[in-house]
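Have a look at the structure below before the remarks.
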Amino acid sequence: MEKYVMGIDVGGTSVKLAALTTSGNILSQWSIPTRSEDNGSQIVPDIIASMDQFLAERDLAIDNFLGVGIGTPGAINRDAGTVTGAYNLNWKQEQFIRQAFIDHYGDLPVYIENDANVAALGEQWLGAGDKAPNMVLVTLGTGVGGGVIVNDQLVIGAGAAGEIGHMLANPDDGFQCTCGNQGCLETVASASGIVWTAEKRAKETTIDSELVTNIQSGKEVTTKDIFDAAQNEDIFAEEIIDETMSYLGHALGQIASVLNPEAIVIGGGVANAGEYLISKVKSHFLPHVYPSIRETTDIRLASLGNTAGVIGSASLVLKQQ
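For the sequence shown, position 49 matches number 49 in UniProt numbering, and the numbering has no gaps at all.
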């Protein structure tokens, strides 16, 4: 009897699920809405009900599965299989996720991990990480997230390792971060941070630029607008991208100097800027790292997109076999 693994990626608007073979082929993938009302009390029951429906449609039993891996935002207790707080899911009290699955399915292995970490595992296994034993994933979205893999194992530290977005980037002239500190990397290198930087600099500049005009007139500007303008040689936009990517390039240089991973993979919505973004980051990374690191650490784009989470979650099960 062929065995499968189930990967689940819990997000603020949807929950993604995928059944995979042990070699990483996706048997089926689908998503359901995240119902966060009533303190998120329906999220786990909805996941279990969706799994039941899938098993029935495919004429499968839970015995066909080696286990379930779950990636979730918030603070987690890996040993207990609980989420101790995830405010974007409206989980303000501890959620006993593993126990809910065991109550329904019996003695089923269930593994829980931070959502950024499972995305890193996904890219390492089947994506741009190309099975590198040492890899760092940096996600550039509304914030900056990350996952660190060393010797094929996630680096957890005392529980909060991989908070790349909260590395200090601009202590003197930085924005206030949601964490309470000032000048964190995500305040300048995230989608929000790039826009904030452009808006701040637009108040100070004398450059004749369409982007400056749009910002000064109150028009809403996105990170994509800024990257597009930079690639069309808008001087102001080029300066903004150079400044913000310098913070990112320097931060990645510090990470590489400590860990020397084979790959640093950049994902998230900002990474849609593609190789232009990579070239800008490398221009601030390569001149400032130890010579051997230039030869052994490669910066590249993520390749799995929205499937990285479910793939990485599924791999949690396989890593325990």
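Built from N, CA and C at the ideal position, the CB exists for glycine as well.
**One or two residues paired with residue 329 in a DSSP bridge** = An answer regarding residue 329 cannot be provided, because it is not within the stretch 1 to 321 covered by the chain.
**Item:** Selection from V317, D172, A189 that minimises the alpha carbon distance to H166
**Value:** Residue numbering aside, residue 166 sits at position 166 when the sequence shown is read from its first letter. Minimum Cα distance to H166 is reached at A189.
**Item:** Cut-off 6 Å between Cβ atoms - residues of its own chain near K16, not counting five sequence neighbours on either side
**Value:** On the sequence shown, residue 16 is found 16 positions in, with the first residue counted as 1. Excluding residues within five positions, the ones whose Cβ falls inside 6 Å are D9, S31, V310.
**Asked** Are E37 and N88 close, meaning C-beta to C-beta below 9 Å?
**Response** Position 37 of the sequence shown, counting from 1, holds the residue named residue 37. Position 88 of the sequence shown, counting from 1, holds the residue named residue 88. No, the pair does not count as a contact, with Cβ atoms beyond the cut-off.
**Request:** Would you mind reading off the limits of the alpha helix (DSSP H) that contains P45?
**Result:** The residue you call residue 45 lines up with position 45 of the sequence shown. Counting along the chain, the alpha helix (DSSP H) containing P45 begins and ends at 43–57.
**Request:** State the DSSP-derived secondary structure class of S279, mapped to helix, strand or coil.
**Result:** If you number the sequence shown from 1, residue 279 lands on position 279. Three-state DSSP puts S279 in a helix.
**Request:** Inspect the beta-carbon positions of L126 and E113 and report whether they are closer than 9 Å.
**Result:** If you number the sequence shown from 1, residue 126 lands on position 126. If you number the sequence shown from 1, residue 113 lands on position 113. Taking 9 Å as the Cβ cut-off, L126 and E113 do not qualify as a contacting pair.
**Asked** What's the gap between the Cα of A160 and the Cα of L140?
**Response** Taking the first residue of the sequence shown as position 1, residue 160 is located at position 160. Taking the first residue of the sequence shown as position 1, residue 140 is located at position 140. Taking the straight line joining both Cα atoms gives about 18 Å.
**Message:** Let me make sure I understand the geometry here. Which of I149, N25, Q42 has the alpha-carbon closest to that of residue 347?
**Reply:** The chain is shown from 1 up to 321; residue 347 falls before or after that span and cannot be answered.
**Message:** Beta-carbon within less than 7 Å of N214's beta-carbon, same chain only, minus the 5 sequence neighbours each way: which residues are those?
**Reply:** Here residue 214 refers to the residue found at position 214 when the sequence shown is read from its first residue. Around N214: V221.
**Outcome for M135 when other beta-carbon atoms lying within 10 angstroms are tallied against a minimum of 16** = Residue 135 sits at position 135 when you count from the first residue of the sequence shown. Per the 10 Å Cβ criterion, buried.
**Item:** Alpha-carbon spacing of E186 relative to A273, whole angstroms
**Value:** Here residue 186 refers to the residue found at position 186 of the sequence shown. Here residue 273 refers to the residue found at position 273 of the sequence shown. Answer to the nearest angstrom: the Cα atoms are 17 Å apart.
**Asked** Can you tell me whether M6 is buried or exposed, with buried defined as 16 or more other CB within 10 angstroms of its CB?
**Response** Within the sequence shown, numbered from 1, the residue matching residue 6 stands at position 6. With 16 or more Cβ atoms within 10 Å of its Cβ, M6 is classed as buried.
**Request:** Along the beta strand (DSSP E) that carries A75, what are the first and last residues, could you check?
**Result:** Here residue 75 corresponds to residue number 75 of the sequence shown, with the count starting at 1. Per DSSP, A75 belongs to the beta strand (DSSP E) from 75–77.
**Request:** Go through its chain and collect everything with a Cβ distance to L259's Cβ below 8 Å, but skip five positions before and after it.
**Result:** As a first step, residue 259 must be located in the sequence shown, where it is residue number 259. Correct list, in chain order: N134, V136, V148, V150.
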